[in-house]
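What follows is a short report on a single structure.
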Amino acid sequence: MFPRLAVVVGLGTLGLCATYGTIQAVPDVKWDFIVVGGGTAGSVLASRLTENPKFNVLVIEAGPTNEGVEESIIPGLASRTALSRYDWNFTTVPQQGLNGRSFTYKRGHLLGGSSSVNGMIYTRGPASDYDRLASVSGDGGWSWENIQSYLRKNEKLESPADNHDVKGEFDPAVHSSTGKVAVTLPNDLSPAVDAATLKASKELGGDFQFNLDMNSGKPLGLCWLQSTIGHDATRSSSATSYLDSKTRARDNLHIVTDTFVTRVLKTTETKGLTIRSVEIRSSDTSDTVVLTASKEVILAGGAIGTPHILLHSGIGDESDLKALNIETVLHNPSVGRNLTDHPVSFVAFSLAPNSIDLGPWANLITDPALQTQALELWKANRTGPYVESATRAHHIAWLRLPRNSSIIEQFGDPSSSGDSAHVEIILGAFAGTYAAIPTLVSPASRGSLTIRSSNPFDSPLINPGYYTSEFDLPAVREGVKSAIRFSKAAVWENIITGLVGPLANAPTDADIDAVIRNNTLSALHPVGTAAMSPKNASWGVVDPDLLVKHVYGLRIVDASILPYIPSAHTQVPVYVIAERAADLIKSKWHD
Ligand SMILES: Cc1cc2nc3c(=O)[nH]c(=O)nc-3n(C[C@H](O)[C@H](O)[C@H](O)COP(=O)(O)OP(=O)(O)OC[C@H]3O[C@@H](n4cnc5c(N)ncnc54)[C@H](O)[C@@H]3O)c2cc1C
Ligand SMILES: *[C@@H]1O[C@H](CO)[C@@H](O)[C@H](O)[C@H]1NC(C)=O
Ligand SMILES: *[C@@H]1O[C@H](CO)[C@@H](O)[C@H](O)[C@H]1NC(C)=O
Ligand SMILES: *[C@@H]1O[C@H](CO)[C@@H](O)[C@H](O)[C@H]1NC(C)=O
Ligand SMILES: *[C@@H]1O[C@H](CO)[C@@H](O)[C@H](O)[C@H]1NC(C)=O
Ligand SMILES: *[C@@H]1O[C@H](CO)[C@@H](O)[C@H](O)[C@H]1NC(C)=O
Ligand SMILES: *[C@@H]1O[C@H](CO)[C@@H](O)[C@H](O)[C@H]1NC(C)=O
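FYI, in mature numbering (1 follows the signal peptide of the UniProt record, and there is no 0) the residues of the sequence shown are -25 to -1, 1 to 566.
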């Protein structure tokens, strides 16, 4: 038995409620729910479940607290969380589709999880993605119409830090100002660039036609970006919003940080396989703590962390587990399979000198003196370029391949409907160029998450499987060509002089493909590793209510449950999953 010393690290205001830095410090409470992972989804659950004063909730987070972490708080510094104590420091396995390259694979390792380190882009995706989830799972509760209340509970639209008039940049009718996570439009920091981008949209029309709001359920066209940044120019993460100080002060909420969950364990019960216990082990001592929830253990470790825990717990493909000497608790070959992620390519355009005003921050990324100045401004009065993400992009174009595209004819259409984009192109000026970042948002390729040994402290094998399906590379190539087409609009005639890098010498499709294979990176949007499927389906890991199939007491609430990747950046879909999950859990356990 461990001594239960009350070594309280970051206090709530009163009594029992607190954030603890070690499991030994956590008081002996009868837990109703144990949430594994205080990330994007885990923080929502912590907040919503403890609205019921009868529920005692323990959240166990592997990383440290988010409080006071400047790299997370200041939008312009987000890239500095990479390969730090706020990152899991993962690397992918070599990607055949990328000439054998592997690359680092960032995941948030602090309260708020990846929402504390992400690019803050706020996208809901097309309505048809949610309708597909409803139809694939057989649960109409996941449809676009039925998740509207969760979007409203999640979003808190605010005016941007610079208070400029945002009329015409979005559709107020589709937004909420009563939720938790702050959302703002970009600040007016590069007016000449924004004006040229909008002019190009007007000149080209067609698929680049202006769309007032990409978050209406119908994203196609060129739109203003929206970000999870508050009016105060700070990142709004799941931890800053759902775990505000008032929530953290609740008597029935306990959070322990810097604590790694190694496995979930069978709990002695009379009925079938029940898993309501978690094992916490220290990597340097052999100290082990086992805690049990009276109602549910909820895994919210994310699309990498959750299947990692399941596999080490003996929940996975029996033959894979046997090969690693892990005893099978439940044979389910879907665990870790079907990992899906968005491949990101890159197109940069060279600019004629003095042809367009890039503003005083054009060389921010490379100039340390500008960076010092930017930080001073942010601290002085929340001005300067650090009020927004370092990408400094203000627009996104959402495009479909043409209906008669030979790519669709040959390989089919992985998107959820004619309203869904195949490719997203992020547009903006940074590092002295104009850049377009084409991302395939409807990939057909599937990869996997496996483990390399029976040691839970060994990092998992992350394989996004990029370009393993024939649809994907030609679709990205079309995205790159669309970006180049955008650069040919009349407005750019005396501004854009050409392409930067190897794309400038890529006359054929094969040449473009070779460049794409070399420059593809990840959008860091993995999903699908513990997929939802209909009740009684022969595949999948969770039922539509997110309870693990064939198990009592264990639920999964995070990005891993999405059976198809949204045509969107994934934080909003995760917020929707977590908000609805909280409702499902509350209604199951109401008294
Ligand atoms: C660098 C980056 C940029 C991104 N940009 C955007 C963007 O601009 N817009 C957007 O919409 N989406 C973006 N995303 C994706 C989005 O942030 C994620 O899809 C979403 O946050 C995932 O939420 P989650 O709850 O599934 O997992 P996470 O938020 O990652 O939460 C998992 C939590 O569980 C903890 N954990 C894991 N394993 C254990 C364990 N064994 N024991 C204890 N704790 C554990 C982790 O430390 C983490 O806190 C980005 C992601 C990254 C990494
Ligand atoms: C990631 O790497 C950095 C730099 O080496 C290190 O300081 C940090 O502790 C690592 N993160 C984790 C979670 O181990
Ligand atoms: C992968 O997902 C597809 C649905 O997209 C499903 O049919 C298949 O069974 C899944 N594979 C596994 C191993 O779960
Ligand atoms: C913000 O602070 C800087 C530096 O002190 C100052 O130059 C600038 O005028 C201030 N801006 C506003 C809008 O107050
Ligand atoms: C697709 O349709 C457009 C417009 O109808 C036409 O211009 C184009 O040639 C067609 N492309 C193919 C590959 O058939
Ligand atoms: C791709 O990268 C390899 C290794 O750096 C290089 O040799 C090759 O020329 C690159 N190809 C293209 C098309 O840029
Ligand atoms: C699933 O199977 C069980 C047992 O065979 C059955 O009672 C139940 O109705 C099925 N559920 C659905 C949604 O098909």
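Ideal Cβ placement from N, Cα and C applies to all residues, glycine included.
With a cut-off of 8 Å on the beta carbons, I'd call residue i and residue j a contact; round off their distance for me.
i, j, result
"Lys131", "Val158", "7 Å"
"Ala368", "Leu200", "6 Å"
"Ile531", "Thr281", "6 Å"
"Val416", "Ala543", "7 Å"
"Ala57", "Gly94", "12 Å between Cβ atoms; not a contact."
"Glu274", "Val451", "Checking the sequence shown, residue 274 turns out to be Leu, not Glu. With 8 Å as the limit, Leu274 and Val451 do not qualify as a contact, their Cβ atoms being about 33 Å apart."
Going by DSSP in three states, residue i sits in which element: helix, strand or coil?
i, result
"Ala208", "coil"
"Glu302", "coil"
"Asn138", "coil"
"Phe461", "helix"
"Trp117", "helix"
"Ser216", "helix"
"Lys193", "coil"
"Ala(-8)", "strand"
"Asp182", "helix"
"Asn313", "strand"
"Thr6", "Just to set this straight, residue 6 is Trp in the shown sequence, not Thr. Three-state result, Trp6: strand."
"Ile371", "strand"
"Glu26", "coil"
"Ser330", "coil"
"Ser325", "strand"
"Ile491", "helix"
"Ala481", "coil"
"Arg17", "The question names Arg, but residue 17 in the sequence shown is Gly. Three-state DSSP puts Gly17 in a helix."
"Ile340", "coil"
"Ser269", "strand"
"Gly51", "helix"
"Gly473", "strand"
Pull up the DSSP beta-bridge partners for residue i, would you.
i, result
"Glu293", "According to DSSP, Glu293 bridges with nothing at all."
"Pro318", "Ser497"
"Val158", "Leu132"
"Val11", "Ile35 and Leu274"
"Phe42", "Correcting the residue identity first, residue 42 is Glu in this sequence and not Phe. DSSP, once it has assigned bridges, lists no residue as partnering Glu42."
"Asn438", "Ser423"
"Trp199", "His370"
"Tyr527", "Thr249"
"Phe65", "Tyr80"
"Val551", "BP columns for Val551 are empty, so no partner."
"His229", "Ala(-8) and Leu33"
Would you kindly work out how many angstroms separate the C-alpha atoms of residue i and residue j, rounded to a whole number?
i, j, result
"Ser497", "Met507", "23 Å"
"Phe78", "Ile412", "18 Å"
"Lys561", "Leu24", "7 Å"
"Gly473", "Glu399", "21 Å"
"Asp226", "Asp518", "32 Å"
"Ala327", "Ile470", "5 Å"
"Gly422", "Asn186", "33 Å"
"Thr243", "Lys270", "14 Å"
"Ile536", "Ala556", "12 Å"
"Ala171", "Gly503", "39 Å"
"Arg76", "Pro318", "13 Å"
"Gly192", "Gly205", "23 Å"
"Asp62", "Gly38", "8 Å"
"Ile9", "Val272", "5 Å"
"Asn27", "Asp7", "11 Å"
"Leu108", "Ile540", "10 Å"
"Gly72", "Leu314", "16 Å"
- prompt: Does the segment 327 to 341 come within contact of the segment 162 to 174, defined as at least 3 CB pairs closer than 8 Å?
  reply: yes
message: Quick check: the segment 171 to 181 against the segment 128 to 145, are at least 3 beta-carbon pairs closer than 8 Å?
response: no
- prompt: Do the segment 508 to 515 and the segment 250 to 263 meet, that is, are 3 or more Cβ pairs less than 8 Å apart?
  reply: no
message: Would the segment 48 to 66 count as touching the segment 203 to 211 if we require 3 or more Cβ pairs under 8 Å?
response: yes
query: Would you call the segment 229 to 238 and the segment 32 to 43 in contact, with 3 or more CB pairs under 8 Å?
result: yes
field: Given 8 Å, three or more beta-carbon pairs between the segment 55 to 69 and the segment 434 to 443
entry: yes
query: Is there contact here, the segment 78 to 97 with the segment 482 to 493, by at least three beta-carbon pairs under 8 Å?
result: no
message: Taking contact to mean 3 or more Cβ pairs, one atom from each stretch, closer than 8 Å, check whether the segment 533 to 551 and the segment 4 to 19 are in contact.
response: yes
- request: Examine the Cβ distances between the segment 385 to 400 and the segment 423 to 433 and report whether three or more of them are shorter than 8 Å.
  value: no
query: Are there three or more Cβ pairs, one per stretch, closer than 8 Å when the segment 145 to 156 is compared with the segment 116 to 136?
result: yes
message: Below 8 Å, how does it come out for the segment 369 to 379 and the segment 439 to 459: are there three or more Cβ pairs, yes or no?
response: yes
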